[in-house]
Structures are given as C-alpha cells and as structure tokens.
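Written out below as structure tokens is the structure these notes cover.
2 protein chains.
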Amino acid sequence: MTQTYTIGELGRLTDTKVETVRYYERIGLLPHPPRSSGNYRVYDRAHLGRLGFIRRARELGFSLEQVRELLELSGQDAQPCEQVDELVQTHVTDIERRIHDLQTLRQELTQLLAQCQHGKVAECRIIEALQPHVDGQTAA
Amino acid sequence: MTQTYTIGELGRLTDTKVETVRYYERIGLLPHPPRSSGNYRVYDRAHLGRLGFIRRARELGFSLEQVRELLELSGQDAQPCEQVDELVQTHVTDIERRIHDLQTLRQELTQLLAQCQHGKVAECRIIEALQPHVDGQTAA
DNA sequence: CTTGACCCTGTAGTGACTACAGGGTGGATA
DNA sequence: TATCCACCCTGTAGTCACTACAGGGTCAAG
Chain A
1 MTQTYTIGEL GRLTDTKVET VRYYERIGLL PHPPRSSGNY RVYDRAHLGR
51 LGFIRRAREL GFSLEQVREL LELSGQDAQP CEQVDELVQT HVTDIERRIH
101 DLQTLRQELT QLLAQCQHGK VAECRIIEAL QPHVDGQTAA
Chain B
1 MTQTYTIGEL GRLTDTKVET VRYYERIGLL PHPPRSSGNY RVYDRAHLGR
51 LGFIRRAREL GFSLEQVREL LELSGQDAQP CEQVDELVQT HVTDIERRIH
101 DLQTLRQELT QLLAQCQHGK VAECRIIEAL QPHVDGQTAA
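Those protein sequence lines, which keep their order, are chains A and B.
Letter by letter, the first sequence follows residues 1 to 140 in full-length UniProt numbering.
Letter by letter, the second sequence follows residues 1 to 140 in full-length UniProt numbering.
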C-alpha cells in the first residue's frame, strides 16, 4: 500500500527535472533512495514531501544552503522557531537590498535613455556615459 | 610620452582584480597587450579606456555579452544609435521584471513572518507553509 | 523481438569571476 | 652581491544551481 515513485514521477509531481533530483541526492539534500532490481531509484511519500519542501523553498528564493538549514530546523519540532524566523528575516533583508540596488540601476538607465537624441553613435549620450573620464594629463 | 601601465596599475585605476583583467583578455573582451622583456603585459591609455568602459557597463548590470555588443557599437561612430537604445531598453525591461519578481517574493515572505506565533517549530506557520500539501489519497 | 520511453553513471557546460599552486621578475635595501 | 618582497606569469579548479549530453541499461507494449 505504501506508494512508490520513479524519479520521473517524482519530478513530474514536484516540477523538477530528473537531473535536478539526482543533483539534490548527490549534494546530500535528498537521501539515497532504495533501488529496484533494475537499479532504478524507488521513492516513497517521505521523499516526495521532502523534495516538495525543497522546491517550495527554492521558489521563495532561499539558497540551497538555507534550504538545508530549513530542512534541519523543520525536523526539530520541539525547538522554538526563532531560528526559522531569523533565517527568513535575513532572506527578506537580502531581497530588499537587491530590490533597492535594481531600482537605483533602473533609474540610472532610464535617465540615460531619456538623454538619447537618437542621432549617430558618435554623439550618443549613452555610449558617452560609459566612456570613463580619462583626462588628458600624463600623470607620473 | 605614451604612458603605460602594468596589469596591477590598470586594476587599481579601474577597480578591477588582476585576475579579472586577465579573464577579460582570455574571453576576448580586451585585446592581448604587448609584453615587456620580462613577459609582463604592457597596457596603454586605450586599454585603460576600454577596461573602464567594460567596468562601467558591468556596474550598470549589463552582461558580458551585452558589453561586447556595446563595445562593438561604440566603435561605429557613423551609425545611428538605435541599436544602443534598443539594447539598453531591453536591459531596463529585464531589470523591471526582476524588481517585480523580488517584490512578489518579499510580500510572500513578509506574510509568512507575520503569521509566525513565535512558538515551537512543530506549530510554526513558516515551516508549515513550506510543507507541500500532500493529501492522504493513494492515487494510482 | 523490436521499439520507445524511461532509467543509469559520469562528465562538462553555463556566467562572471575568484582563488590558488608553483613559479619568474624587478627594484630596493643590507 | 645577496636577499627580500611586491608584483607578475601560466594553468587549473572552485563558486552556485542546475542543465545537457554521451553512452549505455531496463521495461512494458505491440
């Protein structure tokens, strides 16, 4: 009655490429499953759950190292979830920094675009803005 | 009178690691410079300018492939700067998509954090949210 | 008994660097 | 002149999270 899955089925159920499932096993995120007589990997519902967890965490932008920690923490039912909180908070802060950086970038580029007169490359403000301001001096 | 630089000087002037300068040469972004009697790379102001251009474009988030195109375009003084515009516009669109994705992510995570009751891991909403909804059915 | 979909291992590629290991060069100092 | 040290050289491998083969084996259907 305990349902089993091939690697392909597991992949389909979790939207994961077969190669990726094997990769997770190689790096120790998924346990080595038992093998069939034909040397096929045989997964059960626990594997399916664990892989689902990994994939969901990845969708939320956690690194595999963070996923590893989350998996570790998720097993410690009796512990306070402080560390979980902290990990997620760190991740949010990181995301906010990235958003901010991208917004700065976007503004710089938008300004460049606005300055473009749609003339020849020679007088293009964009190209110009990329040229470093190398002055004429022959410094020692 | 034509000033020259060692790779280290070039690196300092453009805030680039020496290894990175050599890397750019290896992938053909920077030309092979002449060598000194002791086999040291000897750079001139043109190299400095080109590397400065590359670094500035990288700061603006362009990929090395895009930088390659920009360098190519920047040499065609007589051409209209339409292609430059287009490349930058594509990049802005890409950045906007990334900002949007990150904002979505941020909201999801913030909601998770807000739901956390700061209790035990067993009843943690965050861990729970990561658990896939595997139902009890034994589907064929 | 053959086809075709699936599975296996192992290796190498992606982007943009970064980090060695193991050596050579060049200028200043003792 | 010897030695020191900062710098330079080449070549290779590591990072992250996969992805893409090559070259084979397995299994169920027709």
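Virtual Cβ for every residue (Gly too), placed ideally from N, Cα, C.
Using three-state DSSP, classify B/Tyr24 as helix, strand or coil. For the purposes of this step, residue 24 of chain B is identified with residue 24 of the second sequence, where counting begins at 1. When DSSP states are grouped into helix, strand and coil, B/Tyr24 belongs to the helix group.
Environment of B/Glu9 [buried if 16+ CB atoms lie within 10 Å]: By one-based count along the second sequence, residue 9 of chain B stands at place 9. With fewer than 16 other Cβ atoms within 10 Å, it is exposed.
Find the residues of chain A that neighbour B/Lys120, judging by a C-beta separation of less than 7 Å, and give them in chain order. Your numbering for residue 120 of chain B matches position 120 in the second sequence. What B/Lys120 touches in chain A, judged by beta-carbon distance under 7 Å, is Asp77, Ala78, Gln79, Pro80 and Cys81, going in chain order.
I'd like to know if B/Val67 contacts chain A, where contact means its C-beta is closer than 7 Å to some C-beta of that chain. Taking the first residue of the second sequence as 1, we reach residue 67 of chain B at position 67. Output row for B/Val67: interface = no.
Using the C-alpha atoms, what's the distance from A/Leu13 back to B/Gln83? Within the second sequence, numbered from 1, the residue matching residue 83 of chain B stands at position 83. Within the first sequence, numbered from 1, the residue matching residue 13 of chain A stands at position 13. Taking the straight line from one Cα to the other gives about 44 Å.
If you measure between the beta carbons of B/Ala122 and A/Asp77, is that distance less than 7 Å? For the purposes of this step, residue 122 of chain B is taken as residue 122 along the second sequence, with counting starting at 1. For the purposes of this step, residue 77 of chain A is taken as residue 77 along the first sequence, with counting starting at 1. Taking 7 Å as the Cβ cut-off, B/Ala122 and A/Asp77 qualify as a contacting pair.
List the residues of chain A whose Cβ lies closer than 7 Å to the Cβ of B/Gln111, in chain order. Working through the second sequence from its first residue, we reach residue 111 of chain B at position 111. Per Cβ cutoff of 7 Å: no residues; B/Gln111 is ~11 Å from chain A at best.
B/Ser74, buried or exposed, once every other Cβ within 10 Å from all chains shown has been counted against 16: As a first step, residue 74 of chain B is located in the second sequence; it is residue number 74 there, counting from the start. Buried, since its Cβ has 16 or more Cβ neighbours within 10 Å.
Please return the same chain residues whose Cβ sits closer than 8 Å to the Cβ of B/Gln3, not counting the five positions on each side in sequence. For the purposes of this step, residue 3 of chain B is taken as the residue at position 3 of the second sequence. Answer for B/Gln3: Asp44 and Arg45, listed in chain order.
State the Cα-Cα distance for the pair B/Tyr5 and B/Arg35, rounded to the nearest angstrom. As a first step, residue 5 of chain B must be located in the second sequence, where it is residue number 5. As a first step, residue 35 of chain B must be located in the second sequence, where it is residue number 35. Taking the straight line from one Cα to the other gives about 11 Å.
Within the 7 Å Cβ cut-off, does B/Arg56 reach chain A? The residue labelled residue 56 of chain B in the question sits at position 56 within the second sequence. Cβ-Cβ to chain A under 7 Å: yes for B/Arg56.
Going by beta carbon distance, what residues of the same chain come within less than 8 Å of B/Gln79, once the five residues before and after it are set aside? Position 79 of the second sequence, counted from the start, is the residue given in the question as residue 79 of chain B. These residues qualify, in order along the chain: Leu73.
Is it right to say B/His32 is buried, meaning 16 or more other beta carbons lie within 10 angstroms of its own, or is it exposed? Taking the first residue of the second sequence as position 1, residue 32 of chain B is located at position 32. So B/His32 counts as exposed.
So is B/His91 buried or exposed if we call it buried at 16+ other beta carbons inside 10 Å? For the purposes of this step, residue 91 of chain B is identified with residue 91 of the second sequence, where counting begins at 1. Buried: at least 16 other Cβ atoms inside 10 Å.
Report the rounded CA-to-CA distance for A/Leu113 versus B/Gln66, giving the unit in angstroms. In the first sequence, residue 113 of chain A corresponds to position 113, counting from 1. In the second sequence, residue 66 of chain B corresponds to position 66, counting from 1. Going from the Cα of A/Leu113 to the Cα of B/Gln66 covers about 16 Å.
Assuming B/Gly61 and A/Leu105 are in contact, meaning their beta carbons sit under 8 Å apart, how far apart are those beta carbons, in whole angstroms? By one-based count along the second sequence, residue 61 of chain B stands at place 61. By one-based count along the first sequence, residue 105 of chain A stands at place 105. With a Cβ gap of about 5 Å, B/Gly61 and A/Leu105 count as contacting.
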